[in-house]
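Line order of the protein sequences matches chains U and V. FYI, this note's numbering numbers position 199 of the first sequence as 224, with every residue one higher than the one before it. FYI, this note's numbering numbers position 284 of the second sequence as 1444, with every residue one higher than the one before it. Just so you know, even glycine gets a beta-carbon here, dropped at the ideal spot from N, CA and C. Since this is a predicted model, take the numbers as computed values, not measurements. Step one of this worksheet: look at the structure below.
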Amino acid sequence: MAELTYRDAVARGIAQEMERDERVVFLGEDVAKAGGVFKTTVGLYERFGPLRVRDTPISEQAILGAAIGAAMTGLRPIAELMFADFLAVCFDYVANEMSKLRYMSNGQLSCPLVIRTGNGGGVRFGAQHSQSVENWTMMIPGVKVVAPSSPVDVIGLMAAAVRDPDPVILHEHKALYAIKGEVPDGEIVDTLGTAKILRAGRDCTIVALALMVPRALEAAEILQRDHGVDAEVIDVRSLVPLDTQTILGSVAKTGHLFTVEENPRLCGWGAEIASIVADEAFWDLDGPIVRITTPHIPLPAADHLEDLALPSSARIVDKVRRVMGG
Amino acid sequence: MAGLKAATAPRDELQNDDIGLDRRLELFRVQVEIRDCEKRAYDLFLQNMIKGTSHLSIGQEAVAAGFGVAMRKGDKSFCTYRGHAHTLARGASMEGMLGELMLRDIGLMRGKGGSMHLTSVEHDVFGSYAIVGAHLPIACGAAWRAQYLGEKDVSVCFFGDGTTNIGAFHEALNFAAIWRLPVVFVCENNLYMEYTPIGEVTAVKHPAADRAAAYGLERILIDGNDADVVYRTALAALEKARDGGGPSLIECLTYRHSGHSRADPAKYRPPGELEEWLKRDPIVVYRGRLRDFGVAPETIDAIEAQSKRKVEVATEACKASPPAPVELLTKDVYADGGWAWRN
């Protein structure tokens, strides 16, 4: 057991898979010699060499296209998109190519690759480098989407993504790179499509993702301490496949559901969960399902404005308290 | 057409044939079969047996045949929505191709992909892509795999002149050049990007060849209506790629005899243009070539008759095939064979 940053967990997760399987190769902008602009891939180039860890030009279409071509002919590529916002310049490969090749070819083609990308706000980069775009990616049939909130989950979900036979988008959160967490020694492999109950509670269910997870946990402590509300906190971790059973099971117990989403409100991931719970657990509910989200705005750069936009633990406490009383 | 190789065989070639009779007959057979299949596809449209859209290669057969015959087993083809010809040229069956256009169970993808996505991994056809330019970077990736694993296959990527104005073209060319990838980019310049003359929307005269220098590549501009010229050029580019010499960009000048798609009557063409190109119809050119080489008329006739018979048999098989079965609707979204996105 050792303490590791989320940032260092990225390199460890990639290294674990490259060590295990020669077919795993890694490409992206500034990822090799420079070790990544967020220093998430330091040491991989030195350890695995220039044939397996490759710097690319600023060509996001070429990066994803090359990863797809390599994947469909036998490699297991990991492609880095520096910022998740850049998915927009190569979205064809996500929305039209990697997601549809298996279906269109009647199962002849397969696309086992991982796109890792720096998602989310809180780092004052402004509207084109701060977005939470997990909802852009989860709406495409054929793609799997995960977003870890802790160092151990970064390694475990990275391993699961690399070993998965389908294309997986792994959203790393830029504002989490510096956080630390305990990580066991040895190989770590998690399972896609599994949510985690991080705090058990009786009164309400708070479902969160990535940076919103530590905020939801903090809110739960305040709710307990100041308002006597015992909240259960679930880290969704995997949007596709989605572990609805863990969420439905929790709502059956608590009767209240809150989602905490960093993506802007319209068509955010919580809307799908709210819809499922309304359809399948309506009679378990003792109150309205409440979504706590970033408003439907581009993100500002100014720190106090960005802080106002993203859901905070104080806003979570306030929204939960209004429904739950106390 | 100045600077291009002559369409008739020069005298010294007749005495010193680098291609050989077997290959020549093969080049002819492939062109004829593509032509007959494409004409049948057109007829089936008129009978409402083919739905959706379709993009025919009538007039462009020499490019597909030249490459198809030059490529080895294992070399990978990446095609566009105008990909019927290239799929047949790698050995996919007429039943598979026409059956897919007819969206029947007998089709290459059992009707799930349709005419714009013909794929036959068994024949090394790694997909037909309907988003212009998308497959150039994908072909780079397949070539990267060969380079990384030390495998000797080459990826060949076919596309139209219109593709040269999309970003993915330029990203892929640079990427292939800097990584020295075993990939051959083949531009079929049929003079029109969909309905608009390519010259009206492109900064240079030859949309692919004139851009090669920007990526440190040789300028290669050939007569795409002469299967011998295409075949020789293909062999050289494939060998270069196989030997670690990196990518090539080849512009083949050709012409589609029909419109862009089934909806296009091609009224934008200036009078006389089609007639000029019909004189250089690749099949007419090649029939003449075979005669130059002393091939008996009966041999030529037999190849043509055999092709027509194959098309008839394939058409009947497709008509007899059931439509795509309902259980395919939700099959193969994910690798477990199904479509489940939640538990």
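Would you give the residue range spanned by the beta strand (DSSP E) that U:F51 belongs to? Per DSSP, U:F51 belongs to the beta strand (DSSP E) from 49-53.
So within the stretch 181-249 of chain U, which uninterrupted beta strand (DSSP E) runs reach at least 3 residues, ignoring any that extend past its ends? Under the rule that a run must span 3 or more residues, the beta strand (DSSP E) segments found entirely inside the stretch 181-249 of chain U read 193-198, 205-208, 221-224, 229-233.
One or two residues paired with V:M1353 in a DSSP bridge: Bridge partners of V:M1353: V:T1356.
Near V:R1195, what residues of its chain come up, given a Cβ to Cβ distance below 7 Å and the 5 sequence neighbours on each side ignored? Only I1218, E1221, I1443 meet the Cβ criterion.
Starting from V:C1412, follow the beta strand (DSSP E) in both directions and report where the run begins and ends. Annotation for V:C1412: the continuous beta strand (DSSP E) segment containing it runs 1408-1413.
Proximity winner among V:G1419, V:F1286, V:A1294, relative to V:V1314 (alpha-carbon distances): Nearest C-alpha to V:V1314: V:F1286.
Can you give the Cα-Cα distance for V:W1499 and U:L242, rounded to whole angstroms? Rounded to the nearest whole angstrom, the CA to CA distance from V:W1499 to U:L242 is 33 Å.
Could you tell me whether the Cβ atoms of V:T1324 and V:A1368 are closer together than 8 Å? In this structure, V:A1368 lies closer than 8 Å to V:T1324 by Cβ.
Where does V:Y1289 land, buried or exposed, given buried means 16+ other C-beta within 10 angstroms? V:Y1289 counts as buried, since at least 16 other C-beta atoms from the protein chains shown sit within 10 angstroms of its C-beta.
From U:R79 to V:S1421, what does the alpha carbon distance come to, in whole angstroms? Taking the CA atoms as reference points, U:R79 sits about 41 Å from V:S1421.
Sequence-distant residues of its chain with Cβ nearer than 6 Å to V:G1406 (five each side left out): These residues qualify, in order along the chain: R1340.
To the nearest angstrom, how far is it from the Cα of V:P1457 to the Cα of V:F1188? The alpha-carbon separation between V:P1457 and V:F1188 amounts to approximately 13 Å.
Tell me, which residues are paired with V:Y1289 by DSSP? Bridge partners of V:Y1289 according to DSSP: V:T1240.
Name, in chain order, the residues that DSSP records as bridge partners for U:E28. Answer is U:E207, bridged to U:E28.
Nonlocal neighbours in the same chain, by C-beta distance under 6 Å from V:G1163, ignoring five residues either side: At V:G1163, the pLDDT of 41 sits below 50, so the modelled position is not reliable and the matter cannot be decided from this model.
Which term fits U:W308, buried or exposed, when burial requires 16 or more other beta carbons within 10 angstroms of its beta carbon? It counts as exposed.
Taking C-beta pairs closer than 7 Å, name the residues in chain V that U:I93 reaches, listed in chain order. Ordered by position in chain V, the residues that pass the 7 Å Cβ test against U:I93 are I1298, G1301.
Going by DSSP, name the residue or residues bridged to U:R101. Looking at the DSSP assignment, U:R101 forms a beta bridge with U:V49.
Counted within 10 angstroms of its Cβ, other Cβ atoms place U:S84 as buried (16 or more) or exposed: Classification for U:S84: buried.
Quick one: Cα of V:P1357 to Cα of V:L1351, how far? Straight-line spacing of the CA atoms in V:P1357 and V:L1351 works out to 6 Å.
Alpha carbon to alpha carbon, how far is U:R149 from U:R72? If I take the Cα positions, the gap works out to 33 Å.
Between V:T1279 and chain U, is any beta-carbon pair separated by less than 8 Å? Yes, its Cβ sits closer than 8 Å to a Cβ of chain U.
Between V:G1256 and U:I165, what straight-line distance do the alpha-carbon atoms span, to the nearest angstrom? CA-to-CA, the gap between V:G1256 and U:I165 works out to about 29 Å.
From the DSSP secondary-structure annotation, give me the bridge partner or partners of V:P1430. Beta-bridge pairing links V:P1430 to no other residue.
Which first and last residues belong to the alpha helix (DSSP H) in which V:R1451 is found? From DSSP, the alpha helix (DSSP H) with V:R1451 extends over 1442-1452.
Classify V:D1388: buried if its beta carbon has 16 or more other beta carbons within 10 angstroms, exposed otherwise. So V:D1388 ends up on the buried side.
V:R1371, buried or exposed, once every other Cβ within 10 Å from all chains shown has been counted against 16: Buried, since its Cβ has 16 or more Cβ neighbours within 10 Å.
Pull up the distance between the alpha-carbon of V:K1165 and that of V:K1439, whole angstroms please. Note on V:K1165: pLDDT 47, under 50, position unreliable in the model; no value is reported.
Does the contact criterion of 3 or more C-beta pairs under 8 Å hold for the stretch 248-255 of chain U versus the stretch 182-190 of chain U? Under the three-pair Cβ rule at 8 Å, the stretch 248-255 of chain U does not count as touching the stretch 182-190 of chain U.
For U:P192, tell me which candidate among U:L201, U:L330, U:H154, U:Y118 has the shortest Cα-Cα distance. Per the Cα distances, U:Y118.
Are the beta-carbon atoms of V:L1278 and V:R1200 separated by less than 8 Å? With contacts defined as CB atoms closer than 8 Å, V:L1278 and V:R1200 fail to qualify as a contacting pair.
What residue range does the alpha helix (DSSP H) around U:E257 cover? Where U:E257 is concerned, there is no enclosing alpha helix (DSSP H), although the beta strand (DSSP E) it sits in stretches over 256-260.
Where V:N1208 falls, given that 16 or more other Cβ within 10 Å makes a residue buried: Flag for V:N1208 reads exposed.
Between U:D117 and chain V, is the shortest Cβ-Cβ distance under 8 Å, so that the two count as touching? Interface with chain V (8 Å Cβ-Cβ cutoff): U:D117 is included.
Just to make sure I have the definition right: I need the residues of chain U whose C-beta is within less than 9 Å of the C-beta of V:Y1241. Which are they? Annotation: V:Y1241 has no Cβ neighbours in chain U at a cutoff of 9 Å; minimum Cβ distance is about 12 Å.
Of all the CB atoms in chain V, is at least one closer than 8 Å to the CB of U:L282? Not an interface residue.
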